[in-house]
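Below is one structure, written out as structure tokens; the observations come after it.
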Amino acid sequence: SLKMASDSPESLMTLCTDYCLRNLEGTLCYLLDNETLRLHPDIFLPSEICDKLVNEYVELVKTDSIFEPHESFFTLFSDPRSTRLARIHLREHIVQDQDLEAIRKQDLIELYLTNCEKLTAKSLQTLVSFSHTLISLSLFGCCNIFYEEENPGGCEDDCLVNPTRQVLVKDFTFEGFSRLRILNLGRLIEGVNVETLLRPLASLAALDLSGIQLNDVAFLTQWKDTLVSLVLYNMDLSEEHIQVIAQLRKLRHLDISRDHLSSYYKFKLTRRVLNLFVENLVNLTSLDISGHTMLENCTIPSMEEKMGQTSIEPAKSSIAPFRGLKRPLQFLGLFETSLCRLTHIPAYKVSGDKNEEQVLNAIEAYTEHRPEITSRAINLLFDIARIERCSQLLRALQLVITALKCHKDDKNIQVTGSAALFYLTNSEYRMEQSVKLRRQVIQVVLNGMESYQEVTVQRNCCLTLCNFSIPEELEFQYRRVNELLLNILNQSRQDESIQRIAVHLCNALVCQVDNDHKEAVGKMGFVMTMLKLIQKKLADKTCDQVMEFSWSALWNITDETPDNCEMFLNYSGMKLFLECLKEFPEKQELHRNMLGLLGNVAEVKELRPQLMTSQFISVFSNLLESKADGIEVSYNACGVLSHIMFDGPEAWGICEPHREEVVKRMWAAIQSWDINSRRNINYRSFEPILRLLPQGISPVSQHWATWALYNLVSVYPDKYCPLLIKEGGIPLLKDMIKMASARQETKEMAR
Numbered sequence: 001s002l003k004m005a006s007d008s009p010e011s012l013m014t015l016c017t018d019y020c021l022r023n024l025e026g027t028l029c030y031l032l033d034n035e036t037l038r039l040h041p042d043i044f045l046p047s048e049i050c051d052k053l054v055n056e057y058v059e060l061v062k063t064d065s066i067f068e069p070h071e072s073f074f075t076l077f078s079d080p081r082s083t084r085l086a087r088i089h090l091r092e093h094i095v096q097d098q099d100l101e102a103i104r105k106q107d108l109i110e111l112y113l114t115n116c117e118k119l120t121a122k123s124l125q126t127l128v129s130f131s132h133t134l135i136s137l138s139l140f141g142c143c144n145i146f147y148e149e150e151n152p153g154g155c156e157d158d159c160l161v162n163p164t165r166q167v168l169v170k171d172f173t174f175e176g177f178s179r180l181r182i183l184n185l186g187r188l189i190e191g192v193n194v195e196t197l198l199r200p201l202a203s204l205a206a207l208d209l210s211g212i213q214l215n216d217v218a219f220l221t222q223w224k225d226t227l228v229s230l231v232l233y234n235m236d237l238s239e240e241h242i243q244v245i246a247q248l249r250k251l252r253h254l255d256i257s258r259d260h261l262s263s264y265y266k267f268k269l270t271r272r273v274l275n276l277f278v279e280n281l282v283n284l285t286s287l288d289i290s291g292h293t294m295l296e297n298c299t300i301p302s303m304e305e306k307m308g309q310t311s312i313e314p315a316k317s318s319i320a321p322f323r324g325l326k327r328p329l330q331f332l333g334l335f336e337t338s339l340c341r342l343t344h345i346p347a348y349k350v351s352g353d354k355n356e357e358q359v360l361n362a363i364e365a366y367t368e369h370r371p372e373i374t375s376r377a378i379n380l381l382f383d384i385a386r387i388e389r390c391s392q393l394l395r396a397l398q399l400v401i402t403a404l405k406c407h408k409d410d411k412n413i414q415v416t417g418s419a420a421l422f423y424l425t426n427s428e429y430r431m432e433q434s435v436k437l438r439r440q441v442i443q444v445v446l447n448g449m450e451s452y453q454e455v456t457v458q459r460n461c462c463l464t465l466c467n468f469s470i471p472e473e474l475e476f477q478y479r480r481v482n483e484l485l486l487n488i489l490n491q492s493r494q495d496e497s498i499q500r501i502a503v504h505l506c507n508a509l510v511c512q513v514d515n516d517h518k519e520a521v522g523k524m525g526f527v528m529t530m531l532k533l534i535q536k537k538l539a540d541k542t543c544d545q546v547m548e549f550s551w552s553a554l555w556n557i558t559d560e561t562p563d564n565c566e567m568f569l570n571y572s573g574m575k576l577f578l579e580c581l582k583e584f585p586e587k588q589e590l591h592r593n594m595l596g597l598l599g600n601v602a603e604v605k606e607l608r609p610q611l612m613t614s615q616f617i618s619v620f621s622n623l624l625e626s627k628a629d630g631i632e633v634s635y636n637a638c639g640v641l642s643h644i645m646f647d648g649p650e651a652w653g654i655c656e657p658h659r660e661e662v663v664k665r666m667w668a669a670i671q672s673w674d675i676n677s678r679r680n681i682n683y684r685s686f687e688p689i690l691r692l693l694p695q696g697i698s699p700v701s702q703h704w705a706t707w708a709l710y711n712l713v714s715v716y717p718d719k720y721c722p723l724l725i726k727e728g729g730i731p732l733l734k735d736m737i738k739m740a741s742a743r744q745e746t747k748e749m750a751r
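Below is the structure:
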């Protein structure tokens, strides 16, 4: 089979990094005074390893709920003599002032701080320690980094009410940052004087001022000989801005795009402005004008536009000003503009909303810093995946996974992303997906379920899980997925559809899995949760899928798992069984599921005395005559009684009904079944049946067991003959044929 690109194993470096981070104490560190992590004294790590440790740590804290962050993690990198850092990417609330402070002696070359809202002006001072080495710095979305806490002097009482005021730092500049070339100040807080802040920088190559409103940008011309990349996303532009930009002749990348939903916006892009860019910015390879309204016609006449093969040659461009380009652009951002729907666009990569390729380019370009745009692009992808077929499936999946990981707390992205995942993982795409990729999908789906109690996200996530083979594909997250589903089912107010899907998933998860899995899930409260659901449905007098699935799940989870059978009895399971029989006498599926479960309970010798009451025995005896679901209900009732009979006459502690009378009804029932019946049952082991063969106390139990084996191996030989041989059934049958107490018809069947 074709090996998929995404299915190559992780590099040894990645695996080791992950292992060390999850086991810091057992690998690189020891615990000082039971709380502080310290590096072993004989460890020396180069920046290639340290950078990866720090960046992966941030990623794990952000995307893996089971991973525990360490208070003192960053102190491991405080001494450059043993650990070297060079390029690190920190994000969100994971980083605090003291963390940056801990690594201040490092010679950082690249420091990206993205949306680190906990950083204050203390960290501005720490940045100065990196000033002599820093080449690239991002403070994107660090909204508090220019604020310091001021203690008003000499106050007594007032301090308790308002001990600290946030004050804007006015005097910080990038003085002394002599090597700084790349700077991102996106979403900088209002009130900071950008011009003063940047003036000391001698030769900026890339500057990002996303979301900052500046009326005068003339100061940018001080870098007209060095600036190759300028991003002014969501800045309110005017004619003055355009004139300044046109002087930055070295620009290769210019982004003046905007979110057209964000605010009223006067500026319109005209043919003249685009001409000005094309004529003056001769090195341009990438331009983003997404979200702009075009004032006058920038396009060529539509007759001419439709002609000929689609071309990226500037000479044929449907956008008139771009006919002046020397060569096609590498990237052209046209998302949410009318221009993206034209035929001839002179760029290798275009972001837009016309087709799958443009939409994927948009998700790729905007995910990191523009979730508001990304969620709309993912919404378009959702429509493409739902209505048409995705032709770049792997890329689409990878991009949606990245967006969901990157914006775990962004509701819009979680809603649209989880919906897109449902369509991108359904069966028609199954063949194209690697194990590794499908596991990544499961991880982000579970993250979504964990972070969002929101109905739409929960429903999308549960539906997406239904696209996987259960339990096999969820085995690697078995505990976590069960905990999340039980959590959903234990909520007091519930959405009907989510409840139905969640119970279905729970049922599938405990079907055909090892007993230790079942025991673990039992300890999480699975039995109790299912019984509560049944109780609610009984109170409403409804027998729907939730009711049937809940009993089915209990049947599965008690299979050869005595602890769970005991829990069922302890939580008044038998009372609910009787009430359901009485309330829903016609529901065959329900009866089958309930009796299958009681068959499991009856297999546990220590629990059988609890079934030994007149009421229960009468109910089981009457169900022997049931025609519900073929022979299943009658068969299971007979199974329960066979195990009870196997304990002998002395265990029969009731006067009514008589033991002999029940035995007679059991014989009659077994003789009424068609030996070639197709079955609605699945045995993983014959052990509970085989133990009824070598005994003389209850010939009818022996007969039921022999009938069961005969039926299963004759109707499903491929599946059950090997099982019978493997579990030692043949010698047991041979011995039974020689037993005097066994009935003739039983021996015939055994033979």
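With UniProt numbering applied, the sequence shown covers 1 to 751.
Even glycine gets a Cβ: it sits at the ideal position worked out from N, Cα and C.
Measure the C-alpha to C-alpha separation of residue i and residue j and round it to an integer number of angstroms.
i    : j    : result
S8   : V521 : 33 Å
A651 : V604 : 14 Å
M235 : L113 : 21 Å
I378 : S318 : 27 Å
D259 : A403 : 18 Å
A206 : L37  : 38 Å
E356 : Q392 : 8 Å
E472 : P649 : 44 Å
F335 : E48  : 37 Å
K122 : K170 : 14 Å
R376 : C565 : 50 Å
R179 : S210 : 22 Å
F174 : V194 : 11 Å
I387 : H89  : 38 Å
W555 : V510 : 9 Å
M449 : N680 : 33 Å
L21  : L12  : 14 Å
C159 : V167 : Only weak support exists for where C159 lies, its pLDDT of 49 falling under 50; the coordinates are left without a value.
F140 : V278 : 29 Å
C75  : E149 : A quick correction: the sequence has Thr, not Cys, at residue 75. Answer to the nearest angstrom: the Cα atoms are 24 Å apart.
A668 : V662 : 10 Å
S741 : M645 : 15 Å
I498 : G186 : 40 Å
Leaving out the 5 sequence neighbours to the left and right, which residues in its chain are closer than 6 Å to residue i when beta-carbon positions are compared?
i           : result
residue 753 : It is not possible to answer for residue 753, since the shown part of the chain is limited to 1 through 751.
N426        : N467
S72         : T36, L37
A750        : T706, L733, M736, I737
Looking only at C-alpha atoms, which of the options sits nearest to residue i?
i    : options                : result
S642 : M567, A628, G696, E589 : G696
C50  : D64, C16, I66, L31     : C16
K250 : S203, Q98, E388        : S203
L485 : D516, M431, A553       : A553
E727 : Y683, K747, M739, M749 : Y683
F219 : Y233, S238, L248       : L248
I43  : V61, L24, S136, Y233   : L24
Please go through the same chain and pick out, in chain order, the residues whose beta-carbon is closer than 7 Å to the beta-carbon of residue i, but skip the five residues on each side of it.
i    : result
P609 : none
H40  : L28, C29, Y30
G417 : I378, V400, A403, L404
P694 : L732, D735, M736
Helix or strand or just coil, what does DSSP make of residue i?
i    : result
R743 : coil
R500 : helix
T114 : strand
Q695 : coil
Y571 : coil
Spatial neighbours of residue i within its chain, please: CB distance less than 8 Å, with the 5 preceding and 5 following residues excluded, ordered by chain position.
i           : result
L252        : Reading the sequence as shown, one finds Arg at residue 252 and not Leu. These residues qualify, in order along the chain: V228, S229, N283, L284, T285, S286.
residue 781 : Given a span of 1 to 751 for the chain in the structure shown, any question on residue 781 remains unanswerable.
N275        : P321, G324
Q615        : L578
Cβ of residue i versus every heavy atom of the ligand NAP: is any distance shorter than 8 Å?
i    : result
R386 : The ligand NAP is absent from the structure shown, which contains no ligand whatsoever.
I'd like the ranges of any beta strand (DSSP E) spanning at least 3 consecutive residues and lying wholly in the segment 338 to 383. 347 to 351
Entirely within the UniProt domain "Zer-1-like leucine-rich repeats region" (196 to 337) and at least 3 residues each: give me those beta strand (DSSP E) ranges in chain order. 206 to 208, 229 to 231, 253 to 255, 286 to 288, 329 to 333
Which runs of the alpha helix (DSSP H) fall wholly inside the segment 439 to 470 and span at least 4 residues, in chain order? 455 to 465
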